[in-house]
Amino acid sequence: MKRNLCLAAAITVGLGAAASTAWAGQEIYVGVVGPDDEMNTYYLEGKLWRWLHPEWSSSDESWGGSSNLSPNEEVCIAPEGTVEPEYAPNKHLPVFNAGHYTWKINLPKKPRGNINIQLQCGVLKPNAEAVLGMPQAIDTCAGETGERTFGLCDREFAEPNSNHIAQKYLPTVTARAIPNPQFGAPFHLTAYRVPSSFANIYNNTKTALRNDTRNLESLDGSDSSRVVLKACQPETIFVKMPITGQVNGLGETEVDLEAGDEIEVTLDFPRGHTMDVYCNQYSAKIMGLGDPATEDDVEAGL
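Here our numbering is used: the sequence shown runs in plain steps of one and ends on residue 319.
This is the structure:
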């Protein structure tokens with residue numbers, strides 16, 4: 018009994034010392050384009066607004082896209098009968114038109130784990146908004162990218178020997194990390210395929226990753242970096258945490274990322290894509306676990 022008490026006391030002392038010196042833990046972070054403290058929380062799920070970090074918002078953060086995007090009202094609207102929020106301005110990419118959206122977001126924290134890139138846009142079947150208006154269009158003609166349709170809001174049913182998704186018309190994702198130039202050059206991020214074994218597959222060395230394996234994919238805008246977006250629903254891309262000295266599948270050397278480093282995400286739609294798409298500045302978010310605020314940060318209001 019005495020031995021157990023001594024052991025418990027030693028553990029307690031050790032934990033106390035660790036908490037005051039080396040043990041830092043991790044904190045949730047969410048990053049978006051623009052001043053985080055001005056964000057309309059309508060565009061965040063659950064209680065994630067708690068982990069916005071306005072201290073890392075800057076004028077460098079931006080969003081935009083190709084010249085053929087046109088201003089549009091929000092299509093992912095609140096239910097009728099509820100208090101209508103102040104919606105963010107949307108940009109519409111019409112069906113069949115090639116175009117892209119790009120977001121540049123500062124990391125709010127130094128990542129201490131893998132990074133989630135979340136994409137969430139309005140997707141309607143062709144011409145639904147123009148013909149039906151809102152809310153009928155989103156309530157009856159919601160769509161997903163690559164969907165095969167006929168008529169106004171009818172989905173083409175797939176035969177057993179066919180794919181109901183026209184994969185060549187799906188958007189591709191390009192995601193780059195842009196670290197401080199003192200520490201490294203920009204490099205493409207690598208996503209895990211989900212679900213998978215999450216095993217890193219290397220080339221001849223133990224630092225160079227193989228691309229386009231069962232588990233890994235470089236987010237370089239190639240055919241194998243396509244995603245399916247469903248109307249108003251989040252699509253999460255699970256990104257491997259960059260590690261200094263590791264080489265991605267494109268031959269680019271990664272570095273550890275720090276708070277304030279930029280993540281650039283581009284969603285590129287090919288000519289002939291099959292849906293009307295509506296995105297805004299909050300349609301791309303980055304999330305994960307990072308270094309928590311220190312006592313000095315709290316005192317400084319960070």
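C-beta: ideal position from N, C-alpha, C; glycine also.
Residue burial annotation: residue 64 is exposed, with fewer than 16 other C-beta atoms found within 10 angstroms of its C-beta. If you ignore the 5 residues before and after residue 278, its C-beta comes within less than 6 Å of the C-beta of 124 and 196, all in its own chain and listed in chain order. In the displayed model, residue 99 falls within coil according to three-state DSSP, outside both helix and strand. In the three-state scheme derived from DSSP, where H, G and I count as helix and E and B as strand, residue 50 is classed as coil. DSSP lists 47 and 133 as the beta-bridge partner residues of residue 304.
When secondary structure is reduced to three states using DSSP, residue 147 falls in the helix class. Going by C-alpha positions, residue 109 is about 24 Å away from residue 181. Excluding the 5 residues flanking it on each side, residue 165 has same chain C-beta neighbours closer than 6 Å at 173 and 183, in chain order. Counting the other CB atoms within 10 Å of its CB gives residue 285 a total of 16 or more, which places it among the buried residues. Under DSSP, the beta-bridge partners assigned to residue 193 are 205 and 281. Under the DSSP definition of a beta bridge, residue 123 partners with 279. With a 10 Å radius around the Cβ and a threshold of 16 neighbouring Cβ atoms, residue 301 comes out buried. With a cutoff of 8 Å on beta-carbon distance, residue 238 and residue 191 are scored as near each other.
Around the Cβ of residue 97, a 10 Å sphere holds fewer than 16 other Cβ atoms; the residue is exposed. According to DSSP, residue pairing for residue 161 in a beta bridge involves 247.
If you draw a straight line from the Cα of residue 276 to the Cα of residue 288, it comes to about 37 Å. Residue burial annotation: residue 177 is exposed, with fewer than 16 other C-beta atoms found within 10 angstroms of its C-beta.
In this structure, DSSP gives residue 104 a state outside helix and strand, which the three-state scheme calls coil. In this structure, residue 296 lies away from residue 158, with their beta-carbon atoms at least 8 Å apart.
With a contact defined as Cβ atoms closer than 8 Å, residue 127 and residue 307 qualify at about 5 Å.
Less than 8 Å separates the beta-carbon of residue 204 from that of residue 269. Per DSSP, the beta bridge partners of residue 264 are 225 and 270. From the listed residues 305, 156 and 272, the smallest Cα separation to residue 198 is found for 272. Residue 90 sits exposed, since fewer than 16 C-beta atoms from the chains shown fall within 10 Å of its C-beta.
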